[in-house]
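Heads up, the thing below is written out as structure tokens.
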Amino acid sequence: MNNNRTIDLHKHFNCSQLKIKEMEAPEERIRDHIPVIDPNYVFELNFLNHILMYLGCPLHDCLYLSGPSGCGKTSAVLQVAARLGWGVEQLTLSSRSESADLIGHATLRRGELVYEYGPLVTAMIYGEILLLNEIDLMAPGDLAALNDVLEGKPLTIVANNAELIRPHRMFRIVATANTKGSGDSLGYYSGARLLNQAFLDRWRFVELNYPSTRVETSILKKNAPTLAPALIGSLVRFAAEIRRVGAPDEEGKVQLGAPFSTRTLIRIGRLLESFPDLSPLEAVDLGFGSRLNKVEREYVRRLGEDVFGHDKTEESAAENGQIIAAAMQLAS
Ligand SMILES: Nc1ncnc2c1ncn2[C@@H]1O[C@H](COP(=O)(O)OP(=O)(O)O)[C@@H](O)[C@H]1O
Ligand SMILES: [Mg+2]
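As numbered in the working numbering, the sequence shown has no gaps in its residue numbers, which increase by one up to the final residue, 332.
Pasting the structure below:
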């Protein structure tokens, strides 16, 4: 049944640059399933445009968002849904995920065997968004259970007396992953699988990346509001610099063992805010450097010194060390 409510997206997102002007409003079926609005979330125009274009006009596709870890794929979908009042069924997949995790299973309730629907079926019935995180980690064989559904066909639940589930008009499928389903060429994302091309053919692909420096500046301002603007500027510059030097070389080999994500940037900002005695170099080391090997960690530290300057405390510690060493020499 069409409730004929439309949302004026330009007004709703206070943005006149959207490629889609309005869309049908989702029905408010299960309020608990609508994600909570994160007031610190900052929309990147490119992310927002692609997600809205898909949700408003899926054209029988599903949406596959690929991009580096922590660039905001999952949160962008949740925050768009939160603002539109659209229910989301979310599942993070792994190599151990099975089709029953998506469809459902029989379970005992008060001594009775009942069939409990999984997130796929719930989303199909109520017209919600099925958000499948890390889809490239799931075994292609188990993902095949989705094939018919991806094409907009009904689902037959064999294990529940062949119950037929028809997709609601507002049912949508969004997947997120670090790779495009063709394996991991960077060596960052162990466990990423080669997905079947027939499966991949059913998706609209959108490649995302870390937000622009302008957007990351406002993300940091919102998430660590008491930090000095100059420090926020330096942190964002440092993030851009580390991604530049850490980017894959001509042979596709990455220069650093871990990506510097927006999540990492927020963590470092919050560390600095919570521990005012921590220097930017110490916060960068705690929030990022310490997960790297020794050589890379030192390299990151040097880059940090170029952006933030040397640590005063460390210089004085080094000076103290020299004085002590000199005193010991004198004594001997
Ligand atoms: N545009 C943004 N505004 C505010 N926070 C963001 C933004 N992008 C990412 N984040 C934060 O960074 C973290 C990682 O984002 P997430 O969506 O989980 O990344 P991904 O799914 O790409 O790995 C989350 O805590 C999220 O709130
Ligand atoms: Mg994610």
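In this text, a Cβ means the ideal position worked out from N, Cα and C, and glycines have one as well.
Quick caveat, the model's predicted, so the values are computed rather than measured.
Contact under 8 angstroms by Cβ, residue i with residue j
i    : j    : result
R263 : G70  : yes
F199 : A144 : yes
A123 : L113 : no
S97  : M53  : no
E128 : F171 : yes
I37  : A76  : no
P211 : G67  : no
F308 : F288 : no
L130 : L93  : no
E216 : L265 : yes
G152 : P140 : no
A175 : C62  : yes
L150 : R193 : no
I398 : Y126 : A question about residue 398 goes unanswered here, because the residues of the chain that appear run from 1 up to 332.
K21  : H10  : yes
E355 : T6   : Nothing can be reported for residue 355, as the shown portion of the chain is limited to 1 through 332.
L208 : F43  : no
G191 : S99  : no
K222 : I232 : no
Where residue i sits in the DSSP three-state scheme
i    : result
R83  : helix
M23  : strand
I37  : coil
M328 : Note that M328 has pLDDT 45, beneath the 50 cutoff, so the model's placement of it is unreliable and no number is given.
S182 : strand
P119 : helix
E319 : Because E319 sits at a pLDDT of 48, beneath the cut-off of 50, its placement in the model cannot be relied upon, and the following sentence gives the value as read from the coordinates. In the structure shown, E319 sits in a helix (DSSP, three-state: H, G or I).
L52  : helix
I175 : The residue asked about is misnamed: residue 175 is Ala in this sequence, not Ile. Looking at A175 - three-state DSSP - the assignment turns out to be strand.
R204 : strand
S16  : coil
I30  : coil
I256 : Here the sequence assigns Leu to residue 256, which means Ile is not the residue at that position. Here L256 sits in coil by DSSP.
L352 : Because the chain spans 1 through 332 in this model, residue 352 falls outside it and cannot be assessed.
L272 : helix
E134 : coil
V307 : helix
F47  : helix
N2   : Confidence at N2 is low in this model, with a pLDDT of 49, below 50, so its placement is unreliable and the value that follows should be read with caution. Of the three classes helix, strand and coil, the one that applies to N2 here is coil, per DSSP.
D249 : coil
A139 : coil
N293 : coil
D277 : coil
S261 : coil
G287 : helix
S212 : coil
R301 : helix
G72  : coil
L93  : coil
V42  : coil
E98  : coil
Rounded Cβ spacing between residue i and residue j (contact assumed at less than 8 angstroms)
i    : j    : result
R110 : H12  : Not really, about 44 angstroms apart at Cβ, beyond 8 angstroms.
I135 : G118 : Going by Cβ atoms, the distance from I135 to G118 rounds to 15 angstroms, so no, they are not a contact pair.
D249 : S279 : Not really, about 31 angstroms apart at Cβ, beyond 8 angstroms.
L256 : G246 : 4 angstroms
L45  : Q17  : 6 angstroms
P35  : L78  : 4 angstroms
R291 : A258 : 6 angstroms
V121 : I165 : 5 angstroms
P26  : W86  : 4 angstroms
V254 : I268 : About 20 angstroms; that fails the 8 angstroms criterion.
Residues bridged to residue i (per DSSP)
i    : result
A228 : Note: A228 sits in no beta bridge, so no partner.
Y126 : Answer is none; Y126 lacks a bridge partner.
D61  : Paired residues: none, contrary to the question.
V88  : I129
D8   : E22
V114 : T107
L155 : I165
S66  : A177 and E207
Any chain C beta carbon closer than 8 angstroms to residue i
i    : result
A258 : No chain C is part of this structure, which consists of one protein chain only.
Assess contact between the segment 287-307 and the segment 222-229, defined as three or more Cβ pairs (one per stretch) separated by less than 8 angstroms. Is contact present? no
Contact shell at 6 angstroms, judged by CB to any heavy atom of ligand 4, ordered along the chain: As far as ligands go, the structure on display features ligand 1 and ligand 2 and does not contain ligand 4.
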